[in-house]
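The sequence shown stops at residue 387 when you use the UniProt record's numbering, and every number in between is there.
Structure record follows, encoded as structure tokens.
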Amino acid sequence: MLEPLTQIGRDAATGGYVRDAWSPADMELREWFAGEAARRGLDLREDRNGNLWAWWGDPSRRPGVVTGSHLDSVRQGGAYDGPLGVVSAFAALDLLRERGGVPASPIGVVCFTDEEGARFGVPCMGSRLLTGAIRPERALALTDDDGDTLADVLARAGRRPESIGRDDETLAGVGAFVELHVEQGRGLADHGRPVGVAAAIWPHGRWRFDFRGRADHAGTTRLADRDDPMLPFARMVLAARAAAERRGVVATVGKVRVSPGNANAVPGHVAAWLDARGAAEDDVRALVAELAEGHEVSEESWTPVVGFDPALRDRLARVAGGGTPAPVLPTGAGHDAGILAAAGVPVGMLFVRNPTGVSHSPEEHAEQADCEAGVVALADVLEDLCR
Ligand code: HGY
Ligand code: MN
Ligand code: MN
Ligand code: MN
Numbered sequence: 001m002l003e004p005l006t007q008i009g010r011d012a013a014t015g016g017y018v019r020d021a022w023s024p025a026d027m028e029l030r031e032w033f034a035g036e037a038a039r040r041g042l043d044l045r046e047d048r049n050g051n052l053w054a055w056w057g058d059p060s061r062r063p064g065v066v067t068g069s070h071l072d073s074v075r076q077g078g079a080y081d082g083p084l085g086v087v088s089a090f091a092a093l094d095l096l097r098e099r100g101g102v103p104a105s106p107i108g109v110v111c112f113t114d115e116e117g118a119r120f121g122v123p124c125m126g127s128r129l130l131t132g133a134i135r136p137e138r139a140l141a142l143t144d145d146d147g148d149t150l151a152d153v154l155a156r157a158g159r160r161p162e163s164i165g166r167d168d169e170t171l172a173g174v175g176a177f178v179e180l181h182v183e184q185g186r187g188l189a190d191h192g193r194p195v196g197v198a199a200a201i202w203p204h205g206r207w208r209f210d211f212r213g214r215a216d217h218a219g220t221t222r223l224a225d226r227d228d229p230m231l232p233f234a235r236m237v238l239a240a241r242a243a244a245e246r247r248g249v250v251a252t253v254g255k256v257r258v259s260p261g262n263a264n265a266v267p268g269h270v271a272a273w274l275d276a277r278g279a280a281e282d283d284v285r286a287l288v289a290e291l292a293e294g295h296e297v298s299e300e301s302w303t304p305v306v307g308f309d310p311a312l313r314d315r316l317a318r319v320a321g322g323g324t325p326a327p328v329l330p331t332g333a334g335h336d337a338g339i340l341a342a343a344g345v346p347v348g349m350l351f352v353r354n355p356t357g358v359s360h361s362p363e364e365h366a367e368q369a370d371c372e373a374g375v376v377a378l379a380d381v382l383e384d385l386c387r
């Protein structure tokens with residue numbers, strides 16, 4: 001189902017995808033999106049934050065029902081996380097057209113920009129800017145690993161950095177948002193069902209730790225004379241795992257930057273990023289506070305718990321489940337749907353079965369038949385919401 005996209009940003013050596021926001025691969029994906037919109041005669045709009053909207057109908061006349069997801073990836077990510085939601089959105093719209101009739105509400109397909117935050121560190125950047133969940137000046141000053149700011153990168157991509165920010169006009173056109181996403185976990189595999197519905201998104205955040213020491217010679221500096229930042233870093237990683245087990249949350253350190261990075265020198269500085277999540281906000285906050293004690297720590301992003309609107313959630317479960325209601329599952333993965341829900345937009349999520357549950361990895365997978373079941377469920381949900 002994802003064939004048109006599978007070669008864009010793919011690392012032939014690993015089969016993983018590297019699709020940083022505003023990278024050449026991302027620009028190619030944005031071109032693909034525009035082509036899909038044009039092929040269907042949809043009204044393509046790029047909002048001031050770079051999010052792409054393809055409309056069937058005019059949302060300025062009446063708020064529409066929007067579906068879609070993102071096309072950027074984590075580094076060495078899988079093929080489905082994001083793209084499955086965008087491809088399924090176009091396919092569901094095609095199915096509605098085949099069924100005949102014109103929906104009472106406009107239907108929009110959206111591609112949110114920079115959902116993963118792989119380049120600038122803050123996830124759901126496009127939807128956070130759209131809803132005002134991040135200040136433009138903070139966003140523009142964020143830098144990537146080369147030291148380029150978001151402002152530099154937007155300007156180079158031909159966008160206007162000075163115009164980013166909350167976009168009430170675009171938001172007013174979104175009467176409801178339904179995001180289809182490959183499940184990142186094994187809930188549906190355990191249920192033996194192809195399609196599920198999100199109950200809630202766990203609270204989650206990212207924190208940067210800076211461990212500072214003194215660069216020195218690896219061979220001539222006595223151990224007693226060393227101020228090696230690797231040691232407090234290593235202790236923090238082990239403490240994070242122990243605290244997560246004790247507190248019933250999850251904590252991950254997946255990105256570390258050691259500088260200056262010589263194999264024959266004690267490093268001067270170690271920067272490390274902690275990702276912590278859990279069903280209960282207090283438990284996540286308590287874990288971070290425990291680990292931050294005595295260290296230089298800054299919060300890079302925080303998303304409070306998102307409880308999807310129960311009436312819409314149950315309506316999606318009934319419609320998406322066909323004869324028997326679809327399973328309703330919580331998730332520890334963040335999504336643009338969570339950012340829009342936090343901004344008061346009626347939001348729901350559909351999940352498509354992932355047999356192994358593996359995600360943020362080239363191993364991420366979904367069976368064709370389940371992807372097709374997802375499209376039918378999404379079309380049924382859109383039809384139901386647009387009555
Ligand atoms: O990190 C997440 O949960 C999402 O994939 N951005
Ligand atoms: Mn992801
Ligand atoms: Mn995603
Ligand atoms: Mn750069």
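Using N, Cα and C, we set each Cβ at its ideal position, and we do this for glycine too.
Please read all numbers here as calculations on a predicted model, not as lab measurements.
Query, Result
"So does Glu31 have its beta carbon nearer than 6 Å to some heavy atom of ligand 2?", "no"
"When burial is assigned at 16 or more other CB atoms within 10 Å of the CB, is Gly77 buried or exposed?", "buried"
"Taking 6 Å as the cut-off, does the CB of Glu183 come closer than this to any heavy atom belonging to ligand 2?", "no"
"So Gly348 and Val178 are supposed to be a Cβ contact under 8 Å. How far apart are they, rounded?", "5 Å"
"Would you mind working out which of Leu129, Ala118, Ala91 sits nearest Arg39, comparing C-alpha positions?", "Ala91"
"Decide if Arg62 is buried, meaning its Cβ has at least 16 other Cβ atoms within 10 Å, or exposed.", "exposed"
"For Glu75, which three-state DSSP category applies?", "Before going further, note that residue 75 is Arg rather than Glu in the sequence given. Reduced to three states, the DSSP call for Arg75 is coil."
"Between the beta-carbon of Asp210 and the beta-carbon of Glu281, is there less than 7 Å?", "no"
"Give, in chain order, every unbroken run of the alpha helix (DSSP H) that is at least 4 residues long and sits entirely within the stretch 144-179.", "150-156, 168-172"
"DSSP on Gly101, reduced to helix/strand/coil?", "coil"
"Could you check where the beta strand (DSSP E) with Ala224 kicks off and where it finishes?", "Here Ala224 belongs to no beta strand (DSSP E), and DSSP marks it neither H nor E."
"Using a threshold of 6 Å, is the CB atom of Gly82 nearer than that to any non-hydrogen atom of ligand 3?", "yes"
"Jot down the residue ranges of each uninterrupted alpha helix (DSSP H) in the stretch 83-137, minimum 4 residues, whole runs only, in chain order.", "83-99, 125-131"
"How many whole angstroms separate the CB atoms of Tyr80 and Val182, which I take to be in contact at a CB cut-off of 8 Å?", "4 Å"
"In terms of alpha-carbon separation, which member of Leu93, Asp152, Ser60, Asn49 lies closest to Gly68?", "Leu93"
"What do you reckon, is the C-beta of Glu116 under 6 Å from a heavy atom of ligand 2?", "yes"
"Rounded to a whole number of angstroms, what is the C-alpha to C-alpha distance between Leu34 and Ala157?", "Looking at the sequence itself, residue 34 is Ala, so the reference to Leu does not match. Taking the straight line joining both Cα atoms gives about 16 Å."
"So, Val352 versus Asp370, is the Cβ gap smaller than 7 Å?", "yes"
"What distance in whole Å lies between the Cβ atoms of Gly196 and Gly187, which are believed to be in contact at a cut-off of 8 Å?", "6 Å"
"Grab me the residues of Ala271's own chain with a C-beta within less than 6 Å of its C-beta, minus the 5 sequence neighbours each way, in chain order.", "Asp210, Arg257"
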